[in-house]
Amino acid sequence: MSKRVWTIAFVLVLALLPALGIGVAGAAPLGQEETYTVQKDDSLWNVAEKYLGNGAAYPAVVGATNKKAVEDETFPYITDPALIQPGWKLAIPSEATAAEFIDTYILGKDLPTEITLVDTNSGANFQTYWQETVIPQIEADLGIKVNYLVGSESEQLERMKAWEAGQGDVHLLFVKPETVPNALEQEIGLETLYPDKLDIIPNLGKCPRNYLLEVLGESIDGKGALYWRSQYALIYNSEYITDPPTSWKEFYDRREEWKGHIGIVRPDAKSGSSYRIPYSFLNAFVAMSDAEDKAIPLEELQQTQEWQDAWAKLQDFYAYAKLPLPAEPPNMFEDFNAGDTWISFYAMDYALWSRSQGTMPPTIKSSFLAEGMAAGSDGYLIVPTDIPDEYKAVAYRLINYLLSDQQQVQLITTMWQYTGTDIWDKIPDEVWATIPAWEDMEPARLRILNSDVKNLIKEQGPDLLVPQ
Amino acid sequence: MADFLRRQRQSVLTLLMLSPGFAGFLGLFFYPMLVTLVRSLRPEGQDVGWTLTHYIEFLGKPGTRQVIVLTFVLAISSTLLSMVLSVPLTLVLREKLWGHRFFRLTILIPITVPGLVGALGLLVFYGSRGWINLFITQILHLSKLNINYTIPGLILFYLWHYFPYTALTTLATLEGLDRSIEEAASVAGANGWQVLRHIVLPLIAPGILAGSVLTFMAAFGSFSIPLVTGGNYRPLSVAIYTQIASFTPARWSMGSAMSVVMAILQVTFLSIYMRVLRRPIA
Chain S
1 MSKRVWTIAF VLVLALLPAL GIGVAGAAPL GQEETYTVQK DDSLWNVAEK
51 YLGNGAAYPA VVGATNKKAV EDETFPYITD PALIQPGWKL AIPSEATAAE
101 FIDTYILGKD LPTEITLVDT NSGANFQTYW QETVIPQIEA DLGIKVNYLV
151 GSESEQLERM KAWEAGQGDV HLLFVKPETV PNALEQEIGL ETLYPDKLDI
201 IPNLGKCPRN YLLEVLGESI DGKGALYWRS QYALIYNSEY ITDPPTSWKE
251 FYDRREEWKG HIGIVRPDAK SGSSYRIPYS FLNAFVAMSD AEDKAIPLEE
301 LQQTQEWQDA WAKLQDFYAY AKLPLPAEPP NMFEDFNAGD TWISFYAMDY
351 ALWSRSQGTM PPTIKSSFLA EGMAAGSDGY LIVPTDIPDE YKAVAYRLIN
401 YLLSDQQQVQ LITTMWQYTG TDIWDKIPDE VWATIPAWED MEPARLRILN
451 SDVKNLIKEQ GPDLLVPQ
Chain C
469 MADFLRRQRQ SVLTLLMLSP GFAGFLGLFF YPMLVTLVRS LRPEGQDVGW
519 TLTHYIEFLG KPGTRQVIVL TFVLAISSTL LSMVLSVPLT LVLREKLWGH
569 RFFRLTILIP ITVPGLVGAL GLLVFYGSRG WINLFITQIL HLSKLNINYT
619 IPGLILFYLW HYFPYTALTT LATLEGLDRS IEEAASVAGA NGWQVLRHIV
669 LPLIAPGILA GSVLTFMAAF GSFSIPLVTG GNYRPLSVAI YTQIASFTPA
719 RWSMGSAMSV VMAILQVTFL SIYMRVLRRP IA
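Protein chains in written order, with this note's numbering: chain S, 1 to 468; chain C, 469 to 750.
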């Protein structure tokens, strides 16, 4: 008897909950969600027009479907809204949800119009790009004024640790990949974007999912959106070199040809190339992490003949560099300009951008080294948990904008940076005449997994590697 | 008694009036110095505990002596050269020849141009395809001169950047000099060199030396010039920067210990130098 009473009471409470408005988290559908099976000659625009009365609401369909697809395999995961297949099952949000999506995330109704973005990733080239290109575009297209600030990771994380819930004043951060696990490790709350926010950031569906779940071998649980992928590559001056090496081994074997003209940044320099060059070089001769991406302990490595040979080759390689080794990027660029340096391994985007700025010779080209080239700092957009809710909505709106095809294509065509979204077929062919295709580049991307080796280079490099 | 009280009140008032300045001194100068000192005595990355390991490690490293010697060599040699350069330069400027105003202004360029920009400009100017080397190779048909990233080159760049401090104080002292003294010496039969050696130089020496202190201090702590134009030569300031900039997490304690050592060296050297200065110059 009493059991039944309790059951009835429980069911009643459950039934009443939505009516009372308790437990209905903001994103829950306001009405009934439907499914629709794609017919021949359908487009997402038509589907949205038919069901939601507004073709422009199609991103709501993409977002809702993708969010479903993460849990339910019968739904497709849409990475390109222009390509839908007959037979696909789409989730159609209720009209009310779609209307709310359009009001809030497309039109930005009743949201703050000013937001603070802190950038701890961009180099000089991209700081200029943000300030002169992206920020004005955001203001023109979305009506949001962005206070763009350049910061350092460690300082920013310290500030965020001191925030009170709901009081944070940096609403969106653009960071290096390692910052995401660093922040999580220091118990700084970040919003889970994938898959939770797929329905309100539809363009997030275009980002490769493995990049959203994991960085540098560490899990990030979808707490960042991928804005760009940065890559180091062989950079050479075609005025002096017409047949660049295609592998590190070939580079090493032909070192005599370019003696005194190889650009290597000092191992203790601030620039990321300081350790990426020697790390990529060593990687061509010795495995520094095992099959499961676990770093092999340094003492163990140093015992092996392979390591000792590789290290000896590396020391030898430095003796063929342009001396003294440049300490800062402008030094190396000047060496290129002066005709002293002919070939180097450097951030591809920065080198090619500098070419267009006149700070590198116009004859600079980029190419590919087979055994692996260190990845640069991929760019992640993160939203802190401890900021006011209305600012979170603005941050999501901004992320969706930054991941839009227009913004992403601009990234690769004007800055030579690989896009964060997989939209390779939307990129003009001219781009691939200048930089390697992503499908060739991605398998060669090398991640710095052995931090002991990186530290060895930084600490002892000046004594062991720098020729005096 | 009343007199004593009044004096007492006056000194309290003085103290009160001084307190903002005193607080400013404490807050802006003493406190940051103290933070650096405390940081240098903490274990790396921790806010508790005391240790001398950073000092021991830094002072015990084989390269440290070299770095300190390099820092002194660069600072002292550029200071000496700045004195040698300033005297003839200001003697000419004093004559107010045609265009002297322009040259007075150009003396200021090295200190008004940001160090980094100046350093890069010098690198380009003296580089393989810079004007100096183009002149040497294309017009004189001699072989290329290596100036960038060498010790003489570095001293030249230091000199360019820091000589205005010496030159400006020398110029000011020289222009304050009463010309009639020199005339009197000439009338008494001294030739030009003797006037310079026995009259002008001793009189402007305090100005030269005061300016040279400024040049030395700036050169000793110089950062942007050696960072960009130093090549393999990395004085203390750059070595400290490396601890902070190139390691993650940054080595604040190590960097602080090195800063404290640098400050002690600089203060010691300066106090000796100032003591020498106070002696009258024969």
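Where a beta carbon is used, it is the ideal one built from N, C-alpha and C, also for glycine.
Chain-order list of residues whose beta-carbon lies under 8 angstroms from that of residue i (same chain, five-residue window excluded)
i: Ser546/C; result: Ile623, Tyr626, Leu627, Tyr630, Phe631, Thr683, Ala687
i: Ser247/S; result: Ala284, Leu369, Ala370, Glu371
Burial state of residue i, where buried means 16 or more other Cβ atoms lie within 10 Å
i: Tyr391/S; result: buried
i: Gly517/C; result: exposed
i: Ser705/C; result: buried
i: Ile732/C; result: exposed
i: Phe345/S; result: buried
i: Val62/S; result: buried
i: Gly723/C; result: buried
i: Ser219/S; result: exposed
i: Glu334/S; result: buried
i: Leu411/S; result: buried
Rounded separation between residue i and residue j - CA only
i: Asp425/S; j: Gly151/S; result: 35 angstroms
i: Ile649/C; j: Tyr741/C; result: 29 angstroms
i: Lys40/S; j: Leu381/S; result: 37 angstroms
i: Ala395/S; j: Leu172/S; result: 6 angstroms
i: Asp405/S; j: Ile423/S; result: 7 angstroms
i: Glu643/C; j: Gly660/C; result: 18 angstroms
i: Leu90/S; j: Glu153/S; result: 41 angstroms
i: Phe593/C; j: Thr179/S; result: 40 angstroms
i: Phe571/C; j: Leu117/S; result: 46 angstroms
i: Lys454/S; j: Ala707/C; result: 19 angstroms
i: Gly589/C; j: Pro620/C; result: 17 angstroms
i: Ala658/C; j: Pro556/C; result: 19 angstroms
i: Ala713/C; j: Ser280/S; result: 21 angstroms
i: Pro582/C; j: Asp103/S; result: 49 angstroms
i: Ala718/C; j: Asn210/S; result: 30 angstroms
i: Leu486/C; j: Asn182/S; result: 47 angstroms
i: Met551/C; j: Ala635/C; result: 8 angstroms
i: Leu198/S; j: Tyr58/S; result: 13 angstroms
i: Asp316/S; j: Ile343/S; result: 17 angstroms
Chain S contact for residue i (CB, 8 angstroms cutoff)
i: Phe603/C; result: no
i: Ser705/C; result: no
i: Ala718/C; result: yes
i: Val535/C; result: no
i: Val585/C; result: no
i: Val541/C; result: no
i: Gly723/C; result: no
i: Thr710/C; result: yes
i: Asn614/C; result: no
Cut-off 6 angstroms between Cβ atoms - residues of its own chain near residue i, not counting five sequence neighbours on either side
i: Arg445/S; result: Ala375
i: Ser377/S; result: Asn121, Lys176, Ser230
i: Tyr51/S; result: Ile92
i: Glu49/S; result: Gly55
i: Ile751/C; result: Beyond the ends of chain C as shown, which are 469 and 750, falls residue 751/C; an answer cannot be given.
Cβ distance (whole Å) where residue i is taken to contact residue j below 8 angstroms
i: Ser721/C; j: Glu512/C; result: 5 angstroms
i: Ala60/S; j: Ala98/S; result: 5 angstroms
i: Tyr401/S; j: Ile138/S; result: 7 angstroms
i: Gly224/S; j: Leu193/S; result: 7 angstroms
i: Pro329/S; j: Ser271/S; result: 5 angstroms
i: Pro267/S; j: Ile435/S; result: Actually they do not touch by this definition, with Cβ atoms about 27 angstroms apart.
Minimum Cβ-Cβ distance from residue i to chain D less than 8 angstroms
i: Phe715/C; result: The question asks about chain D, but that chain is absent: this structure's protein chains are S and C.
7 angstroms Cβ shell around residue i - same chain, five flanking residues per side excluded
i: Ala533/S; result: A query on residue 533/S cannot be resolved here, the shown segment of chain S reaching from 1 to 468 and no further.
i: Gly143/S; result: Gly108, Thr113
Residue i at chain C interface by Cβ criterion, 8 angstroms
i: Asn375/S; result: Looking at the sequence provided, one finds Ala at residue 375/S rather than Asn. It does not; no Cβ of chain C falls within 8 angstroms.
i: Asp268/S; result: yes
i: Gln468/S; result: yes
i: Ser356/S; result: no
i: Ser230/S; result: no
i: Ala370/S; result: no
i: Lys458/S; result: yes
i: Asn331/S; result: yes
i: Asp340/S; result: yes
i: Glu218/S; result: no
i: Asn121/S; result: no
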